[in-house]
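Peer 1:
In the working numbering, the protein residues as written are 3 to 293.
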């Protein structure tokens, strides 16, 4: 089919338009429809993350009585997570994966807020603090995982040129360990970044907002997600979600170097999500062959 045919409204004859595409929109050129669909599906994928950061903001602005802010944020995060599963916006398998990210993130938070490390801090009192880190802090990492899991489903993600799973897992493990060990044996984030680019330079992530499939290099996706998480982190620290040392007296922008940190954390999240999805696909294919 030619490009002219693809960009013609007749290309969508018989297409089952989704609820977010009203009748008046359907005569628009396909690229605009694809862009609109992409935006809506990205917004749907961000439900948990957006609700989390809105809760942080609201907890700063509304009276909570005697309930500590951090405990309020935790309760709302748990309620939102329950609602997403209850109403079918997340599956129970996805909830299990998100719980894993919560634990990995909480372990990192406990270490980074330890008195001898002090990378950042949670200065307010909470009943649900564990060694200086509130339990809600793990949900910040789980929010990234939730976004990826939702995007995978909404945008029909698929990967080409993905490395062997043992290589990807080893890299993710090395990146995670570096967040701990760099306080003692040096920071290897840039060597790990170069290794990351070498491993994933041929990997493409394909996504389908509507009827056409698009792709981008996977390392670029890591960078973009890391950048947007950095923006979200600036908003969260502005509302007192946590503090970096340079924000104790007055709020200041989070250091640009944190973009690389978040980009690497995104790699860990993506590798685990990808491995879970690819494993599920392999099991489904095996079941089809045996039926």
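Glycine included, each C-beta is placed from N, C-alpha and C at the ideal position. Just so we're clear, the structure is a prediction, and the values are computed from it rather than from any experiment.
1) In whole angstroms, what separates the C-alpha of residue 130 from that of residue 266?
2) May I have the straight-line CA-CA distance separating residue 79 from residue 54, to the nearest angstrom?
3) So residue 95 is in the alpha helix (DSSP H); what residue range does that whole segment cover?
4) Flag this pair as yes or no: are the beta carbons of residue 213 and residue 36 separated by less than 9 Å?
5) Buried or exposed for residue 83, please, with buried defined as at least 16 other CB atoms from any protein chain shown within 10 angstroms of its CB.
6) Using the Cα positions of residue 123 and residue 18, report the straight-line distance between them to the nearest angstrom.
7) Distance check for residue 22 and residue 38, CA to CA, integer angstroms please.
8) Is residue 242 near the ligand FAD - that is, is its Cβ less than 8 Å away from at least one heavy atom of it?
9) Is it true that the CB of residue 111 sits closer than 9 Å to the CB of residue 50?
10) Apart from the five residues just before and just after residue 157, which ones in its own chain have a Cβ nearer than 7 Å to its Cβ?
11) Reducing DSSP to helix, strand and coil, say where residue 5 ends up.
12) For a test of the three-state rule: what should DSSP assign to residue 257, helix, strand or coil?
Peer 2: The relevant details are as follows:
1) Stepping through the chain shown from its first residue, residue 130 is reached at position 128. Stepping through the chain shown from its first residue, residue 266 is reached at position 264. So the alpha carbons of these two residues sit roughly 28 Å apart.
2) Within the chain shown, numbered from 1, the residue matching residue 79 stands at position 77. Within the chain shown, numbered from 1, the residue matching residue 54 stands at position 52. Between residue 79 and residue 54, the C-alpha separation is close to 6 Å.
3) Taking the first residue of the chain shown as position 1, residue 95 is located at position 93. Segment 94 to 114, the alpha helix (DSSP H) holding residue 95.
4) Mapped onto the chain shown, residue 213 falls at position 211. Mapped onto the chain shown, residue 36 falls at position 34. Yes, they are a contact pair.
5) As a working mapping, residue 83 is identified with position 81 in the chain shown. Flag for residue 83 reads buried.
6) One-based indexing of the chain shown puts residue 123 at position 121. One-based indexing of the chain shown puts residue 18 at position 16. A straight line joining the alpha-carbon of residue 123 with that of residue 18 spans about 50 Å.
7) Numbered from its first residue, the chain shown carries residue 38 at position 36. Numbered from its first residue, the chain shown carries residue 22 at position 20. Whole-angstrom Cα-Cα distance: 9 Å.
8) This structure simply doesn't include the ligand FAD, nor any ligand for that matter.
9) The residue labelled residue 50 in the question sits at position 48 within the chain shown. The residue labelled residue 111 in the question sits at position 109 within the chain shown. No, the pair does not count as a contact, with Cβ atoms beyond the cut-off.
10) Translated into positions along the chain shown, residue 157 becomes position 155. The beta carbon of residue 157 lies closer than 7 Å to those of 43, 209, 210, 211 in the same chain, with the five residues before and after it left out.
11) For the purposes of this step, residue 5 is identified with residue 3 of the chain shown, where counting begins at 1. Model confidence at residue 5 stands at a pLDDT of 39, short of 50, so the residue's coordinates are unreliable and nothing is read from them.
12) Within the chain shown, residue 257 is the residue found at index 255, counting from 1. The three-state secondary structure of residue 257, taken from DSSP, is coil.
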